[in-house]
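Residue numbers (numbering that gives the first Met the number 0), protein chains in the order written: chain A, 0 to 317; chain B, 0 to 317.
Beta carbons: idealized from backbone N, C-alpha and C, even for Gly.
One structure is given below, encoded as structure tokens.
Protein chains: 2
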Amino acid sequence: MRPAESAAFVVLSGGVGGGKFTAGLNDLLGPGELAVVVNTGDDFDHLGLRICPDLDSVTYALAGLGDEKRGWGRDEETWNCMQTLGMLGAEDWFALGDKDLGLHLFRTHGLRNGSTLAEVSSEICRRLGIQAHVIPMTEAPVQTILDTDQGMLSFQDYFVKSRCEPRVRALSYRGAARTDLHLNARAALRSRNLKAIFIAPSNPFLSIDPILALPGVRELIASRGLPVIAISPLIQGQALKGPLSKMLESLGVPDTAAGIAQHYKGLVNGIVIDVSDQAQAQDLEIAACITPTRMTGQASRRALAQAALEFAMGRVNA
Amino acid sequence: MRPAESAAFVVLSGGVGGGKFTAGLNDLLGPGELAVVVNTGDDFDHLGLRICPDLDSVTYALAGLGDEKRGWGRDEETWNCMQTLGMLGAEDWFALGDKDLGLHLFRTHGLRNGSTLAEVSSEICRRLGIQAHVIPMTEAPVQTILDTDQGMLSFQDYFVKSRCEPRVRALSYRGAARTDLHLNARAALRSRNLKAIFIAPSNPFLSIDPILALPGVRELIASRGLPVIAISPLIQGQALKGPLSKMLESLGVPDTAAGIAQHYKGLVNGIVIDVSDQAQAQDLEIAACITPTRMTGQASRRALAQAALEFAMGRVNA
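Right under this line is the structure:
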């Protein structure tokens, strides 16, 4: 497999939507051509296990092990460990599936034995037959903090415990300014073979901004002078998963392709938007690719990735 | 519930057979009357989890959560976490059930957060509604080591990895001489209400001797001048579970009630043997109680415990 430093494409990604797009794109590419830089700002410890929600979602999507219907976690999952934890009165607000748990145990044990998160992630990918580079954005602890009308909340407190109900006023990425983009991610973005960079259809605030908050990332991307294409996570103003629509509203960002493009201004030079948002293309200051963006299975994931790839390579007239 | 220091009965116990006997005995007693001192010489770390096989077997038996047929682990267990670990190439020689895992996670997390093993065990018992005191023999690491024709092996290496095939020449209890019987166990054995001490039908070498190897335990038991009753783990020379028969042979101990009684000489003053071994009673130098000792369900567990209890209390003529 081609090493990360000669990757042809890089995706910056969050979890669910990002995983789906990444899996679609990887289907179209050769072994090692794709490097995915994954948000770790939502990572946390739970019952002594290191949980990396976005890395796991991307990994499961790439390995074809994800639950398509639920949208997160493993397919054909069971919840028997949780049952015991419930009996024992342990914290059970975070859904730990039995199959999923195997990955958490493997990773946590690896980290405790001195492996880095990137090393463990690579080993997991190798074992699961994944032929893309899945790279955590950094090894250092970075934590996304939401400033809400109910106080400062970590992502899990906001997302799982508070069910996205608090109104978000601002976000910060604790620790981001003091760390660096992962060496392997840097190598991929510096690859001489690099043809384009994609920003996955993930939540900009929760999934992409933590990566962009690492020192020098925006500059490194800009310095390449390559197509940088965002896939809008919105369809008719709504995100398919998660609290994005509510956050856009409370943060004062328009829930349109233009809002997303504005958010990524100076970074991206093209945006992929859903066919149902076709009318919004005229409000954009950057090139747009209009295509179905709803990913309901392998075929639609591939089709979206194909459209984004062709758009990036200039074969589609924006 | 009556505290451990006013326990009426103490059982020294290993895992499976000990758990069954303990559960039978507890059925006959009031809340807190029973204190079980459990072997921890087989405890080990696996994938970052602290595993305490005997504590778990006793706990599951007392809570009615054990798998009666398999003889260990949880009832109606699933193995999905193991499946993932297998996919990832992790060590999977130790069978980690999904339900079982919840207990390991809970305990490991508790220990990492500064709780003692006894505290975690008490909390587990409380949550599971167990009204006996389940006490680890010590908080300190003690490890049963088997000197075999294939070298020195830890219990798990001998039992699980080598499937009890190596020939055992001797055993030692690493760390035992440098530690103490658990304070709570000591309190139970010193209880002013104590009426009898039982040695569960467990493997003497693997399960009971580690407890007896702790400094002062034999002396403390002897000092009480109370009935000390062993329940023979043999039925017609065979143990129902585990490698005891093979070990007796290779260690030169007769596979009879007399062999077991000889092994516990100076410690016990009565032994409970199976009806099928009735003829062996005449070879004993101590009092014997002859009763069915095969525990196949709640009724036979209770009946054995009842016989042992009556024997201990002198109501049965030996």
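State the start and end residues of the unbroken alpha helix (DSSP H) segment that holds residue i.
| i | result |
| --- | --- |
| CYS288/B | Looking at the DSSP string, CYS288/B is not in any alpha helix (DSSP H); the run it does join, the beta strand (DSSP E), is 286 to 289. |
| SER222/B | 216 to 223 |
| ARG168/A | Counting along the chain, ARG168/A falls outside any alpha helix (DSSP H), though it belongs to the beta strand (DSSP E) covering 167 to 173. |
| HIS262/B | 256 to 262 |
| GLN82/B | 79 to 86 |
| ILE210/B | 208 to 211 |
| LEU188/A | 182 to 188 |
Return the residue from the list the options that minimises the CA-CA distance to residue i.
| i | options | result |
| --- | --- | --- |
| CYS163/A | LEU247/A, GLN281/A, GLN130/A, VAL37/A | LEU247/A |
| THR292/A | ALA286/A, ILE285/A, SER275/A, GLN281/A | SER275/A |
| THR255/B | GLN281/B, LEU116/B, LEU152/B, LYS240/B | GLN281/B |
| GLN235/A | PRO226/A, GLY258/A, ARG69/A | GLY258/A |
| ASN202/A | PRO242/A, ALA7/A, ALA304/A | PRO242/A |
| PRO272/B | THR137/B, GLY296/B, PRO232/B | The displayed chain sequence assigns Ile, not Pro, to residue 272/B. If we check each option's Cα against that of ILE272/B, PRO232/B comes out closest. |
| GLU75/A | THR83/B, GLY70/B, TRP71/B, LYS68/B | THR83/B |
| SER114/A | GLU138/A, GLY40/A, ALA62/A, VAL167/A | GLU138/A |
| ASP91/B | ALA187/B, ASP156/B, THR295/B, ASN183/B | ASP156/B |
| ALA311/A | SER190/A, ILE285/A, GLU67/A | ILE285/A |
| LEU250/A | PRO140/A, GLY40/A, GLY65/A, LEU205/A | LEU205/A |
| ILE207/A | TYR263/A, LYS245/A, ALA238/A, LYS240/A | TYR263/A |
| MET294/A | ALA60/A, GLY269/A, PRO30/A, GLY72/A | ALA60/A |
| ARG125/B | GLY31/B, HIS103/B, LEU211/B, ILE198/B | GLY31/B |
| SER120/B | THR21/A, LEU87/A, ALA131/A, ARG1/A | LEU87/A |
| LEU28/A | ALA94/A, ALA131/A, PRO52/A | ALA131/A |
| CYS51/A | LEU170/A, GLY70/A, LEU102/A, PRO226/A | LEU102/A |
| GLY265/A | GLN279/A, LYS245/A, LYS240/A, ARG217/A | ARG217/A |
| ALA212/A | PRO165/A, ASP148/A, VAL141/A, GLY17/A | VAL141/A |
| ASP179/B | ASP148/B, LEU219/B, ALA199/B | LEU219/B |
Would you mind giving the Cβ-Cβ distance between residue i and residue j, rounded to the nearest angstrom? I have them listed as a contact below 8 angstroms.
| i | j | result |
| --- | --- | --- |
| VAL37/B | SER5/B | Contact doesn't hold; Cβ gap of about 20 angstroms is too wide. |
| CYS80/B | LYS98/A | 7 angstroms |
| THR58/B | ILE129/B | 7 angstroms |
| ILE289/A | GLN277/A | 5 angstroms |
| SER153/A | PHE43/A | 7 angstroms |
| VAL159/B | PHE93/B | 6 angstroms |
Need the endpoints of the beta strand (DSSP E) that residue i sits in, please.
| i | result |
| --- | --- |
| GLN305/A | Unbroken run through GLN305/A is the alpha helix (DSSP H), 297 to 311; no beta strand (DSSP E). |
| HIS132/B | 132 to 135 |
| ARG49/B | 48 to 50 |
| ASP146/A | 142 to 147 |
| ALA229/A | 227 to 230 |
| SER153/A | 150 to 153 |
| ALA195/B | 195 to 198 |
My output table needs one value for residue i: the three-state DSSP class, helix, strand or coil.
| i | result |
| --- | --- |
| MET294/A | coil |
| ARG106/B | helix |
| GLN279/B | helix |
| ILE129/B | coil |
| VAL35/A | strand |
| GLN237/A | strand |
| GLY16/B | helix |
| VAL252/A | coil |
| ALA3/B | helix |
| PHE93/A | coil |
| VAL274/B | helix |
| LEU11/A | strand |
| SER121/B | helix |
| LEU64/B | coil |
| ARG162/B | coil |
| ALA139/A | coil |
| ALA22/B | helix |
| LEU54/A | helix |
| ASP44/A | strand |
| ARG177/A | helix |
| GLY72/A | coil |
| GLY113/B | coil |
| GLY265/B | coil |
| GLY101/A | helix |
| PRO203/A | helix |
| LEU247/B | helix |
| LEU27/B | helix |
Which residues, in chain order, does the segment 93 to 120 of chain B contribute to contact with chain A at a C-beta distance below 7 angstroms?
ASP97, LYS98, LEU100, GLY101, LEU102, LEU104, PHE105, THR107, HIS108, ARG111
Contact list for the segment 68 to 79 of chain A against chain B, Cβ threshold 7 angstroms:
THR77, ASN79
To be precise: take each residue of the segment 237 to 262 of chain A, compare its Cβ to all Cβ atoms of chain B, and keep it if any distance is under 7 angstroms. Which residues remain?
none
What residues in the segment 128 to 148 of chain A bring their beta carbon closer than 9 angstroms to a beta carbon of chain B?
none
Name the residues in the segment 24 to 57 of chain B whose C-beta lies less than 7 angstroms from a C-beta of chain A; which are they?
LEU46, GLY47
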